[in-house]
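Trainee:
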Amino acid sequence: MKNSKLMANAIRALAMDGVQKANSGHPGAPMGMAEMAVALWSQHLKHDPSHPHWADRDRFVLSNGHGSMLIYALLHLTGYDLTIDDLKNFRQMGSRTAGHPEVGLTPGVETTTGPLGQGISNAVGFALAEELLAREFNRPGHDIVDHYTYTFLGDGCMMEGISHEVASLAGVWGLNKLIALYDDNGISIDGPVEGWFADDTPARFRAYGWNVIPAVDGHNAAAVSAAIALARSSLKPTLICCRTHIGKGSPNRANTSKAHGEPLGNAEIALTREAIGWPYGPFEIPADVAALWDCRAKGAAASAEWQTRFEAYRAEYPELAAEFERRIKGDLPTNYAETLAAAMAEFGHSTENIASRKASQKALATLAPRIPEMLGGSADLTGSNLTDFPNCGAIVASTMLNDQAGGRHIHYGVREFGMAAIMNGVALHGGFIPYGGTFLTFSDYSRNAIRMSALMKQRVIHVFTHDSIGLGEDGPTHQPVEHAATLRLIPGLDVWRPGDAAETAIAWVHSIEQRNRPSALLLSRQNLPPQTRSDAQVAQIRQGGYVLSDREGARAVILATGSEVGLAMAAQKVLDGQGVPVRVVSIPSTSVFDRQDAAYRNSVLGGSLPRVSVEAGVSRFWGQYGCSASLGIDTYGESAPAPLVFEHFGFTAENLAKMVVAQLPAAA
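The opening position of the sequence shown corresponds to residue 32 in the numbering used here, with each subsequent residue numbered one higher.
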């Protein structure tokens, strides 16, 4: 490829200059992947710097996000709204060039990467969304969804266990528009990886069902470009193994861990400039090199050509075109008000004594057929999580490989972390509202992907069932104790623990409506008694907490969530018999309740009245609400039938009533 060396050296120079000025960062990976980037970004990637969000652009994911100066250099050089001053401000407060790429902060960045393995996982989600949207919306002669997902990844991503989970799924699903370029430089922070990473990576990916192109010279842009062209003709996802030298061009740091995570130093940068024949000053890109990289005209032509094709599609299929645009924008259906009304009519005053996991499935049966972008799944626990709904159709190997359209429920297998990260990619791509289920105790496996969905402000719904010691016989390994509290600590995550069918339905409705935040629904295995509410109380569920049952002259307040709401109501009756009137407050979502104004929260919590909480989980969480006592569980559970486990740990109406009485002020 003509001028590829010059173009690659521009990346190297910007990478080492940016890291040096910040006195922080990772110059080696961008310097080593420079020719890989030239091959992809100048020859194959379909994108428009002036229109970063057009629907049919290719997606690029830098999974080894510590090499962020690579993508910042590429975005600047190809013409995105990222100036040389932005690059000079790398890793500084308020900068658009953060230490790791962040979606929503930097134009052209598709996902936030850095936690290794999650970028490739997001890329699988992008490719899955592309495939499913193409099957749903494309028509003969009108391929309006037809783009590729490319990802760069390194040894760190390969070593993380999540890469096994998602690569296996990508092979099962036959995602042939997923192309991964592996930066095989053999170096990590601790040094040469051969001492702790000796996998036969090509064989591993072939076993997953991938097409593998091995032993490509990663510093030969023409060879990399040819490999990408070959990958684009494959019927399988493709891994291109690019052998590279970390810190390529640096006389003394190349092929060492020193190039990985620290600045080269001014002296070494000067030697590198001389070695690669780059006579320009820091952050200086000569006009002729800038012209080689400029993609604005080419990108504008590509997006305009797609828009012309989309208008032809609209002329022939106006309803489909409108639906596609709505879905990509993330808007809810135009008849959503009717959907909401139907859900409230069915569940707002439900009298069913059912588990909230079953109530969740019933809510899905009402909502999902009316909201076609809802895309569900479970990590091999569909019959327990109840995340499917009538006629949802299954997404499995046979449906994917035989081009069968219409499936909306994904069998992820036992891959909780991979599921959560793939859902993030699906949400980022657009066109779907993903949700997926597992047991609450296994949220630990997927926690970092949950955190990433919150950090990226993505509408992802995590369904966690078997939410307490109410699981019963499976015992403490499966009985979550600390999980509700720790999930509530994640900023930007709405955590719901509904107490009956009405609260469960509203938890779903609220989660679907949140365009810029994920949600977690914590659902019971055991049946929960229905509660009687006025229309006003039903509406207040949306505020996260409300007065469920009050008594005139209430002397204390019981705060409860989930299965313990029924217990609180039973304790209120016991206290009625003792002449002690109390208020019962249900807080199905502390996250949402905490966002209400202080006046509302204080009115619900009863001002200066003594407060006692009850939740089958760690008790110390409730101190923030001024509870002077908490009925909780601060040990691990026991293996026994659920009613016996609850009784063993003191979750009885009589014990709760006794705790409330103990908090009352002494008579004058």
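For every residue, glycine included, the Cβ atom is placed at its ideal position computed from N, Cα and C.
#1: Can you grab the Cα-Cα spacing for the pair Leu106 / Arg548, in whole Å?
#2: For Cys188, which residues of its own chain have a beta-carbon under 8 Å away from its beta-carbon, when the five flanking residues on both sides are left out?
#3: Tell me Phe495's beta-bridge partners as DSSP assigns them.
#4: Judging by CA-CA distance, which residue of Ala260, Asp231, Gly205, Gly217 is the nearest neighbour of Pro268?
#5: In whole angstroms, what is the alpha-carbon distance linking Ala699 and Met690?
#6: Once DSSP output is grouped into helix, strand and coil, what is the label at Asn558?
#7: Between the alpha carbons of Ser639 and Ala538, how many angstroms are there, rounded?
#8: Measuring CB to CB, does Val635 end up less than 8 Å from Val616?
#9: Out of curiosity, what's the CA-to-CA distance linking Ser409 and Leu662?
#10: Grab the span of the alpha helix (DSSP H) containing Asp186 for me, first residue to last.
#11: When we look at the beta-carbon of Ile271 and count the other beta-carbons within 10 Å, is it buried (16 or more) or exposed?
#12: Could you check the C-alpha separation between His276 and Arg519 for me, to the nearest Å?
#13: Using CA coordinates, which residue listed in Pro171, Leu675, Ala452, Ile464 is at the minimum distance from Ser484?
#14: How about Asp221 and Gly249: are their beta carbons less than 8 Å apart?
#15: Report the rounded CA-to-CA distance for Pro132 versus Leu101, giving the unit in angstroms.
#16: From which residue to which residue does the alpha helix (DSSP H) around Ser634 run?
#17: Please classify Tyr103: does DSSP put it in a helix, a strand, or coil?
#18: Comparing alpha-carbon positions, which option in Leu695, Val645, Gly654, Gln655 lies nearest Gly681?
#19: With 16 as the cutoff for other CB atoms within 10 Å, does Asn455 come out buried or exposed?
#20: Cα separation between Ala260 and His75?
#21: At what residues does the beta strand (DSSP E) containing Asp607 begin and finish?
#22: For Leu406, which residues does DSSP report across the bridge?
#23: Buried or exposed for Arg651, going by 16 or more other Cβ atoms inside 10 Å?
#24: Work out the CA separation of Asn34 and Arg482 for me, nearest whole Å.
#25: So which of Gly59, Ile385, Ala331, Glu669 has the shortest CA-CA distance to Gly292?
#26: Mapping DSSP to helix, strand and coil, what is Ser580?
#27: Relative to the alpha-carbon of Pro310, which residue among Gly98, Ala41, Gln562, Tyr181 has its alpha-carbon at the smallest distance?
#28: Rounded to whole angstroms, what's the CA-CA distance from Ser622 to Arg401? Just pull it up for me.
#29: In the DSSP assignment, find the alpha helix (DSSP H) that holds His291 and state where it starts and stops.
#30: Give me the Cα-Cα distance between Ala425 and His440, rounded to the nearest whole angstrom.
#31: Quick one: what's got a C-beta closer than 7 Å to Gly438's C-beta in the same chain, skipping five residues either side?
#32: Using three-state DSSP, classify Pro80 as helix, strand or coil.
#33: Within a Cβ cutoff of 6 Å, which residues of the same chain sit near Ala65, ignoring the five residues on either side of it in sequence?
#34: Under 7 Å Cβ to Cβ from Ser265, same chain only, skipping five residues before and after it: list those, please.
#35: Could you round the C-beta distance between Gln489 and Leu502 to whole angstroms and report it? I think they count as a contact, below 8 Å.
#36: Following the continuous alpha helix (DSSP H) through Val134, name the residue where it begins and the one where it ends.
Mentor: If we stick to the structure as given:
#1: Against the sequence shown, residue 106 aligns to sequence position 75. Against the sequence shown, residue 548 aligns to sequence position 517. If you take the alpha carbons of Leu106 and Arg548, they lie about 27 Å apart.
#2: Within the sequence shown, the letter at position 157 stands for residue 188. Counting only Cβ-Cβ distances below 8 Å, and skipping sequence neighbours, we find Ser94, Asn95, Leu147, Gly148, Gly150, Ile151, Ser194.
#3: Position 464 of the sequence shown, counted from the first residue, corresponds to residue 495. Bridge partners of Phe495: Thr469, Leu553.
#4: Position 237 of the sequence shown, counted from the start, is the residue given in the question as residue 268. Answer by Cα proximity: Gly205.
#5: On the sequence shown, position 668 is the one that residue 699 refers to. On the sequence shown, position 659 is the one that residue 690 refers to. Residue placement at Ala699 cannot be trusted, given a pLDDT of 43 that sits under 50; the coordinates are not used to answer.
#6: Numbered from its first residue, the sequence shown carries residue 558 at position 527. The answer is strand: DSSP assigns Asn558 an E or B state.
#7: Taking the first residue of the sequence shown as position 1, residue 639 is located at position 608. Taking the first residue of the sequence shown as position 1, residue 538 is located at position 507. Approximately 29 Å, taken between the alpha carbons.
#8: For this step, residue 635 is matched to residue 604 along the sequence shown. For this step, residue 616 is matched to residue 585 along the sequence shown. Between Val635 and Val616, the gap from beta carbon to beta carbon is short of 8 Å.
#9: As a position in the sequence shown, residue 409 is number 378, starting the count at 1. As a position in the sequence shown, residue 662 is number 631, starting the count at 1. Cα to Cα, Ser409 sits roughly 32 Å from Leu662.
#10: Residue 186 sits at position 155 when you count from the first residue of the sequence shown. Note, Asp186: alpha helix (DSSP H), 186 to 190.
#11: Within the sequence shown, the letter at position 240 stands for residue 271. Counting Cβ neighbours within 10 Å, Ile271 comes out buried, since at least 16 surround it.
#12: Within the sequence shown, the letter at position 245 stands for residue 276. Within the sequence shown, the letter at position 488 stands for residue 519. A straight line joining the alpha-carbon of His276 with that of Arg519 spans about 43 Å.
#13: Residue 484 sits at position 453 when you count from the first residue of the sequence shown. Comparing Cα positions, the closest option is Ala452.
#14: Locating residue 221 in the sequence shown gives position 190, where the first residue counts as 1. Locating residue 249 in the sequence shown gives position 218, where the first residue counts as 1. Not in contact: Asp221 and Gly249 (Cβ atoms no closer than 8 Å).
#15: As a working note, residue 132 is residue 101 in the sequence shown. As a working note, residue 101 is residue 70 in the sequence shown. For Pro132 and Leu101, the distance between alpha carbons rounds to 10 Å.
#16: For the purposes of this step, residue 634 is identified with residue 603 of the sequence shown, where counting begins at 1. Start and end: 629 to 636.
#17: Position 72 of the sequence shown, counted from the first residue, corresponds to residue 103. Reduced to three states, the DSSP call for Tyr103 is helix.
#18: If you number the sequence shown from 1, residue 681 lands on position 650. The option with the nearest alpha carbon to Gly681 is Val645.
#19: Numbered from its first residue, the sequence shown carries residue 455 at position 424. By the 10 Å Cβ count, Asn455 comes out buried.
#20: The residue given as residue 260 occupies position 229 in the sequence shown. The residue given as residue 75 occupies position 44 in the sequence shown. Straight-line Cα distance between these residues: approximately 8 Å.
#21: In the sequence shown, residue 607 corresponds to position 576, counting from 1. From DSSP, Asp607 is part of no beta strand (DSSP E) but of the alpha helix (DSSP H) over 595 to 608.
#22: By one-based count along the sequence shown, residue 406 stands at place 375. Paired residue(s): Pro465.
#23: Looking up residue 651 in the sequence shown gives position 620. Exposed.
#24: Here residue 482 refers to the residue found at position 451 of the sequence shown. Here residue 34 refers to the residue found at position 3 of the sequence shown. In a straight line, the C-alpha of Arg482 is about 42 Å away from that of Asn34.
#25: Taking the first residue of the sequence shown as 1, we reach residue 292 at position 261. Checking every option, the nearest Cα to that of Gly292 belongs to Gly59.
#26: Locating residue 580 in the sequence shown gives position 549, where the first residue counts as 1. Strand at Ser580.
#27: Here the question's residue 310 lines up with position 279 in the sequence shown. Measuring from the Cα of Pro310, the nearest candidate turns out to be Ala41.
#28: Translated into positions along the sequence shown, residue 622 becomes position 591. Translated into positions along the sequence shown, residue 401 becomes position 370. Straight-line Cα distance between these residues: approximately 27 Å.
#29: On the sequence shown, residue 291 is found 260 positions in, with the first residue counted as 1. It is not in any alpha helix (DSSP H) - His291 carries neither H nor E in the DSSP assignment.
#30: Counting from one through the sequence shown, the residue named residue 425 turns up at place 394. Counting from one through the sequence shown, the residue named residue 440 turns up at place 409. If I take the Cα positions, the gap works out to 5 Å.
#31: Position 407 of the sequence shown, counting from 1, holds the residue named residue 438. So the list reads Gly424, Ala425, Ile426, Thr430, once near-sequence residues are dropped.
#32: Numbered from its first residue, the sequence shown carries residue 80 at position 49. The DSSP-derived three-state label of Pro80 is coil.
#33: Along the sequence shown, read from residue 1 onward, the residue named residue 65 stands at position 34. Answer for Ala65: Ala39, Ile42, Arg43, listed in chain order.
#34: Taking the sequence shown and counting its residues from 1, one reaches residue 265 at position 234. Hits under 7 Å: Asn207, Asn242.
#35: Your numbering for residue 489 matches position 458 in the sequence shown. Your numbering for residue 502 matches position 471 in the sequence shown. Incorrect: roughly 29 Å between the Cβ atoms, too far for contact.
#36: Numbered from its first residue, the sequence shown carries residue 134 at position 103. Neither: Val134 is in no alpha helix (DSSP H) and is coded neither H nor E.
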